[in-house]
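Line by line, the protein sequences give chains A and B.
Quick note on my numbering: the first sequence kicks off at 28 and runs consecutively.
Quick note on my numbering: the second sequence kicks off at 473 and runs consecutively.
These notes concern the structure reproduced below.
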Amino acid sequence: MTDPQRPGRDERFGATGSPSSSMTWPPPTGAGKIGTYVPPLLESLGRDSMDPGYAEAAARRAVDPQGRRPSRASQVIAAAAGLLMAGLLFGTAAGATVSNEPRAEKARSALLEDIDRAQTHQSELAASASALAADLRSTQADLGAAGPLQTVAELERASGSTAVHGPGLRIVIDQGNSGDTSGVGVIQDRDIQLLVNDLWAAGAEAISVGGVRLRPTSSIRQAGGSILVDNRPVFWPITVDAIGEPSALQVRTVGSAGFGRFSSLAQLYDIQFDVTAQQDMALPAGSGAELRYAQGPGPAESGSSGTAAPATAPAPATAPATATPSPATPSTATPPTTPAGSSPASSGSTSPVPTATATSTS
Amino acid sequence: MYAVLALVVGVVVGLFVHPTVPDWLAPYLPIAVIAALDAVFGGLRARLDHIFDAKVFVISFVANVLVAAFIVFLGDQLGVGAQLSTAVVVVLGIRIFGNAAAIRRHIFKA
Chain A
28 MTDPQRPGRD
38 ERFGATGSPS
48 SSMTWPPPTG
58 AGKIGTYVPP
68 LLESLGRDSM
78 DPGYAEAAAR
88 RAVDPQGRRP
98 SRASQVIAAA
108 AGLLMAGLLF
118 GTAAGATVSN
128 EPRAEKARSA
138 LLEDIDRAQT
148 HQSELAASAS
158 ALAADLRSTQ
168 ADLGAAGPLQ
178 TVAELERASG
188 STAVHGPGLR
198 IVIDQGNSGD
208 TSGVGVIQDR
218 DIQLLVNDLW
228 AAGAEAISVG
238 GVRLRPTSSI
248 RQAGGSILVD
258 NRPVFWPITV
268 DAIGEPSALQ
278 VRTVGSAGFG
288 RFSSLAQLYD
298 IQFDVTAQQD
308 MALPAGSGAE
318 LRYAQGPGPA
328 ESGSSGTAAP
338 ATAPAPATAP
348 ATATPSPATP
358 STATPPTTPA
368 GSSPASSGST
378 SPVPTATATS
388 TS
Chain B
473 MYAVLALVVG
483 VVVGLFVHPT
493 VPDWLAPYLP
503 IAVIAALDAV
513 FGGLRARLDH
523 IFDAKVFVIS
533 FVANVLVAAF
543 IVFLGDQLGV
553 GAQLSTAVVV
563 VLGIRIFGNA
573 AAIRRHIFKA
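Laid out in structure tokens, this is it:
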């Protein structure tokens with residue numbers, strides 16, 4: 028900083044026009060030229076860090092010491108007022124920053140609560156839908172009409188739209204801990220596809236992969252390192268549950284290509300591949316098939332049945348009656364029934380006909 | 473001395489009274505804070521240089537805050553609010569650093 032004893036240092040206002048590195052009081056002799064010299068932007072940025080107004084005011088005082096000099100008290104009051112404002116600004120900004128932080132956090136947790144509540148609501152609705160469907164089936168069974176409805180029930184079970192339980196085979200497969208973190212593991216979708224197809228061929232009546240019940244139209248695919256069953260990701264270890272006569276199922280599966288592939292994989296890559304017979308396994312109902320309704324080209328009705336659609340659009344004969352679990356009665360004794368005229372969307376042409384080992388449950 | 477006291481009182485009042493900042497003003501608060509910081513540092517340096525002037529301080533403080541906020545407001549209206557905020561922060565930041573360096577030299581003679 029400039030020594031106050033050397034007034035000649037500050038050449039900013041001097042005739043040379045070459046600014047020096049300081050610009051402080053006391054002002055130079057050429058104070059009358061204040062404001063005429065405009066230094067380049069960057070230069071002034073680095074140099075004029077203090078407001079030039081201070082120097083100007085001091086220059087005015089030096090030129091006219093008897094001028095309208097404000098009293099010391101008013102100086103202090105003005106400075107205090109200014110600093111009070113600055114302090115208020117700082118405090119307010121700090122307070123706003125602090126108070127905004129929990130608000131954002133609160134919004135996030137509120138959203139999470141919303142999600143939780145919606146999920147709870149969804150499961151409640153699903154449970155009530157199952158209960159209502161069970162009521163409906165038992166009422167219809169009481170009313171009779173067992174003949175055609177039994178066929179419907181069998182088709183529904185074959186299409187995986189009702190929950191079932193019974194004895195069967197449980198296969199647990201897991202990627203080996205070979206340290207391969209490249210995403211794609213040893214076991215791929217086609218291996219699981221092969222295994223599942225062999226299980227069907229061995230007489231399995233219902234299969235779930237990773238807790239997802241397989242329907243006749245289900246897919247087992249791979250997306251990156253994860254396996255998607257019916258477009259729902261399943262996680263390692265993957266449990267393949269197949270309901271069927273356990274011993275027969277096991278004997279026939281062991282001789283199959285899928286089983287052989289997995290055993291060789293287990294030997295080569297140290298994957299987990301455990302086959303156990305289970306006395307009673309519960310398989311969930313598969314997700315309902317998407318029913319598609321024909322739409323007439325006329326005025327767009329919202330797809331509800333029985334609307335005044337043109338004659339080219341057949342009125343939908345299938346009510347959305349899939350994914351409705353049947354009551355907890357053995358299906359072979361008192362078959363669950365569905366409304367007349369309704370049928371599962373997919374008739375399960377590839378699924379084997381269920382036998383007495385698979386019983387429907389709620 | 474009184475001035476420093478006023479600054480502290482202002483900070484404490486702002487922190488504890490919690491004046492609600494209207495939403496339309498909230499984006500300009502940080503810029504206003506930077507401008508106020510610049511004015512305060514400038515005033516402190518002027519005081520150490522024995523050329524402090526309360527009128528200059530108050531006017532430069534208010535004007536700095538208003539102009540900085542106005543520039544950012546204008547930028548927001550023009551769609552370059554973020555860039556102009558950066559410009560204001562860079563300019564005022566350089567000034568704050570310059571003043572802080574001068575104050576440091578005053579106090580520590582180094």
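Cβ atoms here follow ideal geometry from the backbone N, Cα and C, with glycine treated the same way.
The C-beta of A:A85 comes closer than 8 Å to at least one C-beta of chain B. A:S291 and A:V223 have their C-alpha atoms roughly 17 Å apart. In this structure, B:D525 and B:R567 do not form a Cβ contact; the two beta carbons are roughly 18 Å apart against a cut-off of 8 Å. When the beta-carbon positions are compared, B:A475 and A:A106 come within less than 8 Å of each other.
Of all residues in the stretch 111-122 of chain A, only L111, M112, A113, G114, L115, L116, F117, G118, T119, A120, A121 and G122 place a beta-carbon less than 9 Å from a beta-carbon of chain B. By the criterion of at least three beta-carbon pairs nearer than 8 Å, the stretch 498-509 of chain B is in contact with the stretch 553-567 of chain B.
Our two residues, A:A168 and A:Y320, have alpha carbons roughly 28 Å apart in a direct line. Residue contact with chain B for A:D91: absent (no Cβ-Cβ distance below 8 Å to any residue of chain B). Here A:M112 carries a helix assignment [DSSP, helix/strand/coil]. Cβ-Cβ separation between A:A160 and A:L310: approximately 17 Å, too far for a contact (criterion under 8 Å). In this structure, the beta-carbon distance from A:V261 to A:G237 falls below 8 Å.
Here A:G282 is exposed: its Cβ has fewer than 16 other Cβ atoms, across all protein chains shown, within 10 Å. For B:A559, the closest Cβ of chain A is not nearer than 8 Å. Between the C-alpha atoms of A:P194 and A:A134 there is a straight-line separation of about 48 Å. About 6 Å separates the Cβ atoms of B:A507 and B:L564, confirming a contact at the 8 Å cut-off. The C-beta of A:V103 comes closer than 8 Å to at least one C-beta of chain B.
One finds T119 in chain A with Cβ atoms closer than 7 Å to the Cβ of B:P491, taken in chain order. Taking a C-beta distance under 8 Å as the contact criterion, B:V539 and B:G553 do not qualify as a contact pair.
When DSSP states are grouped into helix, strand and coil, A:R164 belongs to the helix group.
Inter-residue distance for A:E151 and A:A233 is about 26 Å (C-alpha atoms, whole angstroms). If you check the CB distance, A:L111 and B:G482 come in under 8 Å.
In the structure shown, A:T119 falls within a helical segment according to DSSP collapsed to helix, strand and coil.
Within the stretch 498-549 of chain B, the complete alpha helix (DSSP H) runs of at least 4 residues fall at 501-520. Scanning chain B for C-beta atoms nearer than 9 Å to the C-beta of A:S76 yields D510, F513, G514, R517, I566, R567, I568, F569, G570, N571, A572, A573 and A574, reported in chain order. Selection A:V90, A:V267, A:R130 and A:A123 evaluated against B:F488 yields A:A123 as nearest (Cα-Cα). Put simply, the CB of B:F580 is far from chain A, with every gap to its CB atoms at 8 Å or more. Residues of chain A with a Cβ closer than 9 Å to the Cβ of B:L546 do not exist, since the nearest Cβ in that chain sits about 19 Å away. When the beta-carbon positions are compared, B:V530 and A:A89 stay at least 8 Å from each other. Take A:V256, set aside five residues on each side of it, and the residues of its chain with a beta-carbon closer than 7 Å to its own are V236, G237, V239, S245 and I247, in chain order. Residues of chain B with a Cβ closer than 9 Å to the Cβ of A:A108 are, in chain order, A478, A526 and V530. Judged by DSSP secondary structure, B:V483 falls within the alpha helix (DSSP H) whose first and last residues are Y474 to V489. Contiguous beta strand (DSSP E) elements confined to the stretch 202-258 of chain A occur at 233-236, 247-250 and 253-256, taking only those with 3 or more residues. For A:S98, no Cβ of chain B is located within less than 8 Å of the residue's own Cβ. Short of 6 Å from the beta carbon of A:V267, and not among the five residues preceding or following it, lie these beta carbons of its own chain, in chain order: I198 and V236. Close partners of B:Y474 in chain A (Cβ separation under 7 Å): V103 and A107.
Take the alpha-carbon of A:S314 and the one of B:F542: they are about 58 Å apart.
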